[in-house]
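First up is the structure itself, then whatever we jot down about it.
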Amino acid sequence: MKHTIKRRDFLKMAGLGGIVYASGLAGWARAGTPAEDFYFVQMSDAHWGFEGPPNPDARGTLPKAVAAVNSLEPPPDFIVFTGDLTHTTDDPAERRKRLREFKGIIGGLRVKDVHFMPGEHDASLDKGAAFQEFFGDTHYTFDHKGVHFIVLDNVSDPAGKIGDAQLAWLSSDLAKTGADVPIVVFTHRPLFDLYPQWDWATRDGAAAVALLMPHPNVTVFYGHIHQENHHLTGHIAHHAARSLIYPLPAPGSQPKRLPVPWDAAHPYRGLGFRETGVEQAGRDFELQEFPVQRGAS
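Start counting the sequence shown at -19; every next residue gets the next number (the working numbering).
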């Protein structure tokens, strides 16, 4: 499924809750800079090591997703995993085993420019120590074709905070980023209070949003909630990704945050990955959602 929408129409309709596939990526050709279109893939919440009835194919969906992404033509410029690469465990040796197995599986991706960030399942029990052994820093920046990408860590702190030190780092980075530079933020938990009762929030997320607000072109992509969700804080668009293991219910739609039961008739419903196209030459943009089986064998 594919939607293309102009930014002015997105801003009108977002408040109606009618946009299913939308992104704030628009109008990103900088003055004096040649416009370059590109797209990237977001994958999230693989929970490698999970076993249980919500997904009897728990060891199959990640390889299927890798095969599906490998089938994309042309291939994406890069891929980003927005956390919960593995499922939580109290055993440090088992945590490293799962991270090692995950890294081996995604090593089969055709695109080798892959960026990682932890989820609370990967990092909250050891403040990200094991994750860093396999994937490096938990927060960092990179630039691609005129877009500034920021990876924030709101999971290594078991209290679910970004923390003063990282907020100071973010402030320093943004101070060096021109107002005409489009910014994409990747994070695991939502930066706004989506549903704090289910841990769907960041305790100091408002401080990060406040730092981002002076920049006119900011989009946030996150995971954690295992479903699509689209939200605006001022002009900043926030988009949640589906998971690669099991879907979760809509925020507050039931008493407990329990996975949506497996549907044998539609076994991969609610699972998938997304690609985001950055069309810098015009004011159109595009976000597409794909099921994990697309292109899989």
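Don't be surprised by glycine CBs; every beta carbon is placed ideally from N, CA and C. As the structure is a computational prediction, the values presented were derived from the model and not from experiment.
Whole-angstrom distance between Met23 and Val94, CA atom to CA atom: 10 Å
Note to self: Taking only three categories from DSSP, how would you classify Glu16?
What the structure shows: coil
Which partner residues does His195 have in the DSSP bridge list? BP columns for His195 are empty, so no partner.
query = When you compare each of Pro98, Val127 and Asp106 to Gly116 by their alpha carbons, which one comes out closest?
reply = Pro98
**Any non-hydrogen atom of the ligand HEM within 8 Å of Pro170 CB** = Only the bare structure without any ligand can be found here, which leaves the ligand HEM out of the picture.
Can you say whether Leu154 is buried or exposed, counting buried as having 16 or more other CB atoms within 10 angstroms of its CB? buried
Any idea what DSSP makes of Glu53, helix, strand or coil?
coil
query: At what residues does the beta strand (DSSP E) containing His219 begin and finish?
result: Ile216 to Ala220
- [ ] Mind listing, in chain order, the continuous beta strand (DSSP E) runs of no fewer than 3 residues lying wholly within the region 69 to 134?
- [x] 94 to 97, 120 to 124 and 127 to 131
Checklist entry - Between which two residues does the beta strand (DSSP E) harbouring Leu212 extend? => result Asn209 to Thr213
| query | Can you check whether the CB of Gly257 is closer than 9 Å to the CB of Glu266? | reply | yes
Give every residue of the same chain whose Cβ lies closer than 7 Å to the Cβ of Ala103, excluding the five residues on either side of it in the sequence, and list them in chain order. Phe111, Thr118, Val135 and Ser136
Report task. Would you mind giving the Cβ-Cβ distance between Ala221 and Arg254, rounded to the nearest angstrom? I have them listed as a contact below 8 Å. Result -> 6 Å
Closest to His168 by C-alpha separation, out of Ser233, Gly203 and Ala148, would be which residue? Gly203
Notebook entry, point to check: Of the residues His101, Val200, Ile163 and Ala145, which one's Cα is nearest the Cα of Pro170?
Noted result: Val200
Check your understanding: So, are the CB atoms of Ile142 and Gly108 less than 9 Å apart?
Key -> no
Along the alpha helix (DSSP H) that carries Gln146, what are the first and last residues, could you check?
Asp144 to Ala155
| task | Indicate whether Gln177 and Gly232 have their beta-carbon atoms separated by less than 9 Å. | result | yes
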